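*Asks:* Please read through the structure below; I'll follow up with questions.
Protein chains: 2
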Amino acid sequence: MMSDYSIGALSRQTGVKVPTIRYYESIGMLDAPDRSPGGQRRYDAQHLEQLRFIRHGRDLGFGLDDLRALQGLSRQPDRSCDAADRIARQQLADVERRLAGLRAVRKELKRMVAQCSHGVMDECHVIQTLSDHGLCDGDHAAHNKG
Amino acid sequence: MMSDYSIGALSRQTGVKVPTIRYYESIGMLDAPDRSPGGQRRYDAQHLEQLRFIRHGRDLGFGLDDLRALQGLSRQPDRSCDAADRIARQQLADVERRLAGLRAVRKELKRMVAQCSHGVMDECHVIQTLSDHGLCDGDHAAHNKG
DNA sequence: CTAATCCCTCTAGCGACTGGAGGTTCAAGG
DNA sequence: CCTTGAACCTCCAGTCGCTAGAGGGATTAG
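From first to last, the protein sequence lines stand for chains A and B.
Number 4 in my numbering belongs to position 4 of the first sequence; there are no gaps in the numbering.
Quick note: to get my numbering, add 1000 to the position in the second sequence (first position is 1).
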């Protein structure tokens, strides 16, 4: 290979932090590279591509397990892409769910801060709303990860 | 006020799981209750209120540190509510940021799945998009958390 | 050859829980 | 009163995806 990156160079190329790269290798997400005579990692263009794939997938919110599956699928070019498509659709559904949750949360938070009369804690709407769920719409449940 | 809940009853009342209630106590989020002669936790109406406050705050995405701060503030009824207001506004800003990120992610995921021709992996748009960030808008960074 | 910067492994920690093992207590039915 | 079984107890480990630090070795520019 002509290209030959240190871990730091790979990090700069991809925006993935050095310890994170080592972490990916440790959990088998990123192929282990050759080492220099002194034991330092030497990456090539394929590693760069692989890491960009992971980075992009993470940015889109895919879990590492999903990305591992997608990596595996992409190495079987003749297979139907249904499995990959399913993973992507699931991810989209997940994102839609989180968006809905966050919108409900935003609505509630907006009400909380809009009602603030900048007085004392005793009549604080922030606290009052938190103390009494009945004061709010109540549509904002389970917005996290579920 | 003579109310007297077991941890399971408290869990049912609030929707917070039993181990989570114990966890909250262990990190000082929830006051330690009295114990039965046999050593089991016996909660009262104040604990119920306290846990509902935490639960509602968590649903709105506040971190436990923020909720601890808000709890502390609510016990000083004469203080200005500025600090509480600031925490809520910060949380709102955070939610807006996450919404923006998730919307960008959704847009990209939609494109990925819309372009799927249900063929083979070799021409899979899901994989192609992940492999080449240049194929997408690229506005979707740092969206994560909630 | 030296100094600066990089890199190595290993371990532990984050937030906010969640689950299991292995043992004890409680409340209701007989 | 006794038995049963659900609920409870503590402690420990694991989840996810990193992130940080300690204490050293390697590489590279001048």
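Every residue, glycine too, gets a C-beta built ideally from N, C-alpha and C.
Treat the numbers as computed from the prediction; the structure is a model and nothing was measured.
From what residue to what residue does the alpha helix (DSSP H) around G987 of chain B run?
*Replies:* This structure cannot speak to residue 987 of chain B, because chain B is shown only from 1001 to 1146.
*Asks:* Listing by chain order, which chain A residues have their CB less than 7 Å from the CB of V1095 of chain B?
*Replies:* Counting from one through the second sequence, the residue named residue 1095 of chain B turns up at place 95. Those are L102, V105, R106, L109, listed as they occur along chain A.
*Asks:* Quick one: Cα of T14 of chain A to Cα of H56 of chain A, how far?
*Replies:* Position 14 of the first sequence, counting from 1, holds the residue named residue 14 of chain A. Position 56 of the first sequence, counting from 1, holds the residue named residue 56 of chain A. Here the alpha carbons of H56 of chain A and T14 of chain A stand approximately 9 Å from one another.
*Asks:* Kindly provide the ranges of any alpha helix (DSSP H) runs that are 4 or more residues long and lie completely inside the stretch 1042-1112 of chain B, ordered along the chain.
*Replies:* 1045-1059, 1064-1074
*Asks:* Is there a C-beta anywhere in chain B that falls below 9 Å from the one on P19 of chain A?
*Replies:* Within the first sequence, the letter at position 19 stands for residue 19 of chain A. Between P19 of chain A and chain B, the shortest Cβ-Cβ separation is not below 9 Å.
*Asks:* Could you tell me how far apart the beta carbons of L1010 of chain B and L1067 of chain B are, in whole angstroms, since I believe they sit closer than 8 Å?
*Replies:* As a position in the second sequence, residue 1010 of chain B is number 10, starting the count at 1. As a position in the second sequence, residue 1067 of chain B is number 67, starting the count at 1. That belief does not hold up - the Cβ atoms of L1010 of chain B and L1067 of chain B are roughly 17 Å apart, past 8 Å.
*Asks:* Could you spell out where the alpha helix (DSSP H) holding L1010 of chain B opens and where it closes?
*Replies:* As a first step, residue 1010 of chain B is located in the second sequence; it is residue number 10 there, counting from the start. Where L1010 of chain B is concerned, the enclosing alpha helix (DSSP H) stretches over 1007-1014.
*Asks:* Work out the CA separation of P1037 of chain B and D1004 of chain B for me, nearest whole Å.
*Replies:* Working through the second sequence from its first residue, we reach residue 1004 of chain B at position 4. Working through the second sequence from its first residue, we reach residue 1037 of chain B at position 37. Their Cα atoms are separated by approximately 14 Å.
*Asks:* Taking all protein chains shown into account, do 16 or more other C-beta atoms lie within 10 angstroms of the C-beta of A84 of chain A, making it buried, or fewer, making it exposed?
*Replies:* In the first sequence, counting from the first residue as 1, residue 84 of chain A sits at position 84. With 16 or more other Cβ atoms within 10 Å, it is buried.
*Asks:* Looking at the strands, I want to know which residues DSSP matches up with R1035 of chain B.
*Replies:* As a position in the second sequence, residue 1035 of chain B is number 35, starting the count at 1. B:R1041.
*Asks:* State the Cα-Cα distance for the pair R58 of chain A and L1130 of chain B, rounded to the nearest angstrom.
*Replies:* Mapped onto the first sequence, residue 58 of chain A falls at position 58. Mapped onto the second sequence, residue 1130 of chain B falls at position 130. C-alpha separation (whole angstroms): 10 Å.
*Asks:* List the residues of chain A that P1077 of chain B touches, going by C-beta distances under 8 Å, in chain order.
*Replies:* On the second sequence, position 77 is the one that residue 1077 of chain B refers to. Neighbours of P1077 of chain B on chain A, chain order: V120, M121, D122.
*Asks:* Using only the alpha-carbon positions, how far apart do H118 of chain A and I127 of chain A sit?
*Replies:* Residue mapping note: residue 118 of chain A aligns to position 118 of the first sequence, counting from 1. Residue mapping note: residue 127 of chain A aligns to position 127 of the first sequence, counting from 1. About 13 Å.
*Asks:* Please look up how many angstroms separate the CB atoms of V1095 of chain B and V105 of chain A, rounded, as I've assumed it's under 8 Å.
*Replies:* Taking the second sequence and counting its residues from 1, the one referred to as residue 1095 of chain B is at position 95. Taking the first sequence and counting its residues from 1, the one referred to as residue 105 of chain A is at position 105. Indeed, because the Cβ distance is near 6 Å, the residues count as touching under 8 Å.
*Asks:* Beta-carbon of S1131 of chain B versus every beta-carbon of chain A: anything under 9 Å?
*Replies:* Working through the second sequence from its first residue, we reach residue 1131 of chain B at position 131. Yes, contact with chain A.
*Asks:* Does the separation of the CB atoms of C81 of chain A and E1108 of chain B fall below 9 Å?
*Replies:* Taking the first sequence and counting its residues from 1, the one referred to as residue 81 of chain A is at position 81. Taking the second sequence and counting its residues from 1, the one referred to as residue 1108 of chain B is at position 108. For the pair C81 of chain A and E1108 of chain B, the CB atoms are not nearer than the 9 Å cut-off.
*Asks:* I need the DSSP call for M2 of chain A, collapsed to helix, strand or coil.
*Replies:* By 1-based counting over the first sequence, the position of residue 2 of chain A is 2. Unreliable placement is indicated for M2 of chain A, whose pLDDT of 49 sits below 50; no coordinate value is reported for it.
*Asks:* Classify L30 of chain A as helix, strand or coil using the three-state DSSP reduction.
*Replies:* As a first step, residue 30 of chain A must be located in the first sequence, where it is residue number 30. Reduced to three states, the DSSP call for L30 of chain A is coil.
*Asks:* From the DSSP output, in three-state form, read off Q952 of chain B for me.
*Replies:* Residue 952 of chain B is absent from the model: chain B starts at 1001 and stops at 1146.
*Asks:* When the Cα of Q71 of chain A is compared with those of A:F53, A:V120, A:R41, which residue comes out closest?
*Replies:* Mapped onto the first sequence, residue 71 of chain A falls at position 71. If we check each option's Cα against that of Q71 of chain A, A:F53 comes out closest.
*Asks:* G57 of chain A CB to nearest chain B CB: under 9 Å?
*Replies:* As a first step, residue 57 of chain A is located in the first sequence; it is residue number 57 there, counting from the start. At least one chain B Cβ lies under 9 Å of G57 of chain A.
*Asks:* Within the same chain, show all residues whose beta-carbon is closer than 7 Å to that of P1019 of chain B, passing over the 5 residues directly before and after it, in chain order.
*Replies:* Position 19 of the second sequence holds residue 1019 of chain B. There are no such residues.
*Asks:* Use the C-beta contact count for I87 of chain A: other C-beta atoms within 10 angstroms, 16 or more gives buried, fewer gives exposed.
*Replies:* In the first sequence, residue 87 of chain A corresponds to position 87, counting from 1. Result: buried.
*Asks:* Mapping the DSSP letters down to three states, classify V126 of chain A as helix, strand or coil.
*Replies:* Position 126 of the first sequence, counted from the first residue, corresponds to residue 126 of chain A. V126 of chain A falls in the helix class under three-state DSSP.
*Asks:* Just how far apart, CA to CA, sit G146 of chain A and M121 of chain A?
*Replies:* What you label residue 146 of chain A is simply residue 146 of the first sequence in a count that begins at 1. What you label residue 121 of chain A is simply residue 121 of the first sequence in a count that begins at 1. Residue confidence for G146 of chain A is low, a pLDDT of 28 falling below 50, so the modelled location carries little weight and cannot support an answer.
*Asks:* Anything in chain A within Cβ reach of R1098 of chain B, meaning under 7 Å, just list it in chain order.
*Replies:* Locating residue 1098 of chain B in the second sequence gives position 98, where the first residue counts as 1. Under the 7 Å cutoff, chain A gives L102.
*Asks:* Would you tell me roughly how many angstroms separate the C-alpha atoms of A142 of chain A and A93 of chain A, rounded to the nearest one?
*Replies:* Residue mapping note: residue 142 of chain A aligns to position 142 of the first sequence, counting from 1. Residue mapping note: residue 93 of chain A aligns to position 93 of the first sequence, counting from 1. In this predicted model, A142 of chain A has a pLDDT of only 49, less than 50, meaning its place in the structure is not dependable; the value taken from the coordinates is given anyway. Answer to the nearest angstrom: the Cα atoms are 15 Å apart.
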